[in-house]
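Per my numbering, the sequence shown starts with residue 3, numbered consecutively.
C-beta atoms are modelled at their ideal positions from N, C-alpha and C, and glycine is treated no differently.
Beneath this line is the structure, given in structure tokens, with notes to follow.
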Amino acid sequence: MASLTMLPSQDRPPAGRRDSGMEELLRELHQEEDGLATAEYGIVMLAAVGFAGLLVAVLSSGEVREMLAGIVQRALTL
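See the structure below:
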């Protein structure tokens, strides 16, 4: 029966070997993306706050209140 031995992967190239141009380019591109997640969360939070403000404005209008009160009243009279 054959056995397979797996060695731990190395995070950096062995001593004496230089990174290829592609590895260097990928490393630079990855570093340029640092902080993007924070910006994306900020944009999502702004959109959520805007939507919440719009929802409050719509639900606090007189017409919507009357409509919701009518729905609740009809549901309770069944």
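Item	Value
Excluding the 5 residues flanking Gln75 on each side, which residues of the same chain have their C-beta closer than 8 Å to its C-beta?	none
If you measure between the beta carbons of Val60 and Val51, is that distance less than 8 Å?	no
Would you kindly report the start and end of the unbroken alpha helix (DSSP H) that includes Leu78?	64-78
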